[in-house]
Amino acid sequence: ASMLKDIDNLEQELDDIEPLFVQIKDRRGKLLKNFRGCKGLLVPIRRLPRETLLQIFGLASSDIPDPRGTPWILGEVCSTWRSISRTCPSLWTRIHVPEYGRNNFTFLDTYISLSVHLPIQMSVERQLNHRDMDILRFLALHMERWSVLEL
Numbered sequence: 001a002s003m004l005k006d007i008d009n010l011e012q013e014l015d016d017i018e019p020l021f022v023q024i025k026d027r028r029g030k031l032l033k034n035f036r037g038c039k040g041l042l043v044p045i046r047r048l049p050r051e052t053l054l055q056i057f058g059l060a061s062s063d064i065p066d067p068r069g070t071p072w073i074l075g076e077v078c079s080t081w082r083s084i085s086r087t088c089p090s091l092w093t094r095i096h097v098p099e100y101g102r103n104n105f106t107f108l109d110t111y112i113s114l115s116v117h118l119p120i121q122m123s124v125e126r127q128l129n130h131r132d133m134d135i136l137r138f139l140a141l142h143m144e145r146w147s148v149l150e151l
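For the sequence shown, the UniProt record's numbering assigns the number 1 to the initial residue and increments by one for each residue that follows.
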């Protein structure tokens with residue numbers, strides 16, 4: 001009987017400490033999540049000056065046609081890179097309209113807006129037809145800024 005009472009007492013103690021165990025595991029999980037978030041702050045590239053990142057971004061923006069565009073990709077890395085890429089008009093001067101896909105005026109308008117007033121290099125890869133007249137009219141609004149147009 002004494003042994004059964006000891007077992008009951010131990011089970012009661014386990015029941016009593018279980019909420020504490022859950023609470024400690026939860027705190028541990030939150031700390032690990034915060035730690036993982038802070039780990040990214042220690043990466044050496046985070047310590048590069050803005051000017052250096054701008055030079056790297058400029059080098060990464062090559063003449064290779066890319067429908068997604070290097071500035072978009074750089075802006076997806078982190079909020080700092082997004083801010084830097086969005087405030088550098090020279091990154092947004094090469095606009096590529098791919099062969100496939102719908103006419104995305106928001107995409108084009110964003111590109112043109114972010115290039116501010118710099119000359120634009122346009123590359124249109126698709127075979128143009130009557131459905132593309134809207135996109136051509138839209139691009140024609142910025143004709144004075146075209147430095148290169150490839151069809």
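Note that beta-carbon positions come from the ideal geometry of N, C-alpha and C, so glycine has one too.
As the crow flies, the alpha-carbon of R47 is around 39 Å from that of E150. Cβ neighbours of R145 within its own chain (closer than 6 Å, five residues either side excluded): P119 and I120. By the beta-carbon neighbour count (other beta carbons within 10 angstroms, threshold 16), F57 is buried.
Annotated as proximal: L53 and W81, with beta-carbon spacing under 9 Å. Boundaries of the beta strand (DSSP E) around Q121: I120 to V124. Just so you know, the alpha carbons of M3 and V22 end up roughly 28 Å apart. Secondary structure of E11 (DSSP, three-state): helix.
Annotation for S90: no alpha helix (DSSP H) segment contains it, and DSSP assigns it neither H nor E.
Here the alpha carbon of M122 sits roughly 12 Å from the alpha carbon of G69. Taking C-beta atoms as the reference points, S85 and L74 count as a pair closer than 9 Å.
Across the structure, N129 and V116 are spaced so that their CA atoms are roughly 29 Å apart. Distance from the CA atom of G29 to the CA atom of C78, rounded to whole angstroms, is 23 Å. When the Cα atoms are used, R126 and A60 turn out to be separated by approximately 25 Å.
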